[in-house]
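What follows is a short report on a single structure.
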Amino acid sequence: MKTKTLLFSTLFAFTAFAFSVLLYLIFFVVPQAQIAAGGLAQKIFYFHAPSGYAMYLSGAFCFVGSALYLAAPSDSRNALARAGAECAVVFGIMMLTSGPLWAKKAWGVYWAWDPRLTTTLLSVLVYVAIVVLRAFSGDGEAERKFAAALGVLGTVNLPIIHYSVQKWGGNHPTVIGKGGGGLAHPMMKLTLGIGFLSMTLLALLLVWMRTRLAVSATALARAEEEAMALTADGEE
Amino acid sequence: MTNFSMQSSPDSTVRTPESRSTEFVPVEGGSEGTSAGTLLVTAYFVMWAVLLGFLFMTWRRQGRIEQRMAELDAELRRAPRKP
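Shown next as structure tokens:
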């Protein structure tokens, strides 16, 4: 128990430090990009792209938890699947709110029905559906299995988002990876690298916290059932 | 996406009744007038608000669970038991 607390505190401290460095680099060090890319607004990129990556990571946790739950159900696997979906929604919202604000400057419009934007919206909506399903349909075995199946199917969309730019074109830039021109300034590369590191740490921290919360909620529900049974027996 | 703008005279210092807008016409590409600084600050504000809101909800729910656990524990200590 103590080891877990120490590990959690260490992860929290590293995450806070990484974000402090990232914000300093974004606002005080990294140069702004060309006007066509949004100028000063391009600095949204250092949070926007890592948020998208953190959504993939959270989606992967949801997928692993869901697949393992379908193979052999357990409370901890269900909790991981639930936590992964919840965090995927949070990172998805961060990405979908920051992207349009940058697009307004770079493209002149907040939203375009570009393949990557559309598939991303679809994926976030799948995770929203999982979260809503789990929140309002109870925590029975059937509901858990249905949510787990949705978690597995929802993750299938993630690789489609990633490759949609390369396969179908669209407005969304392809700066990093295959066909991309890359980041011209070394500070841009460093800032993006720290952005990815910060979001990885944050995703791990949030998934951990939400998994622990889901496990606690299940334990509480079980304890309440047992307490009711015990007190009912005692009153007889 | 389509935005609407007013058609007006290029010389903004000379205002005559004839130079006033007489119609609205759609232009392609939207407005370029939005400040990049405002968009940048808004984006970071929204992202941090979403994140901190999520952390607050997690912290509050964890607190409620712990409180209910403590109440349940106290109730069980007081409850009559089977001999």
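Keeping their order, the protein sequence lines are chains R and W.
Per my numbering: the first sequence ends with 220, consecutive numbering throughout.
Per my numbering: the second sequence ends with 289, consecutive numbering throughout.
Positions of the beta carbon are idealized from the N, C-alpha and C atoms, including for glycine.
The structure presented is a predicted model; accordingly, all values stated were derived computationally and were not measured.
### Task
Starting from R/ARG194, find everything on chain W with Cβ-Cβ shorter than 7 Å and list it in chain order.
Residues of chain W passing the Cβ test: THR264.
### Task
Quick one: using the 10 Å Cβ neighbour count with 16 as the cut-off for buried, is R/LEU(-9) buried or exposed?
exposed
### Task
Measure from the alpha carbon of R/MET172 to the alpha carbon of each residue in R/PHE12, R/TYR37, R/ASN62, then state which is nearest.
R/PHE12
### Query
Any idea what DSSP makes of R/LEU(-9), helix, strand or coil?
helix
### Query
If you check the beta carbons only, do R/VAL258 and R/SER182 fall under 9 Å apart?
Only positions -15 to 220 of chain R appear in the structure, and residue 258 of chain R is not among them; the question remains open.
### Message
I want to see whether chain W comes within less than 9 Å of R/THR104, judged by CB atoms only; does it?
### Response
no
### Query
How about R/SER60: is its C-beta nearer than 9 Å to some C-beta of chain W?
no
### Query
Using 8 Å as the Cβ pair cut-off and three pairs as the minimum, do the stretch 113 to 130 of chain R and the stretch 74 to 89 of chain R touch?
no
### Message
Is R/LEU137 close to chain W? Criterion is C-beta to C-beta, closer than 9 Å.
### Response
no
### Query
Between the beta-carbon of R/PHE(-4) and the beta-carbon of W/TYR250, is there less than 9 Å?
no
### Query
Buried or exposed: where does W/THR208 fall if 16 or more other Cβ atoms within 10 Å of its Cβ makes it buried?
With a pLDDT of 40 at W/THR208, under the threshold of 50, the modelled position of that residue is not reliable, and no figure is offered here.
### Task
Indicate the three-state DSSP secondary structure (helix, strand or coil) for R/ASP59 in the structure shown.
Looking at R/ASP59 - three-state DSSP - the assignment turns out to be helix.
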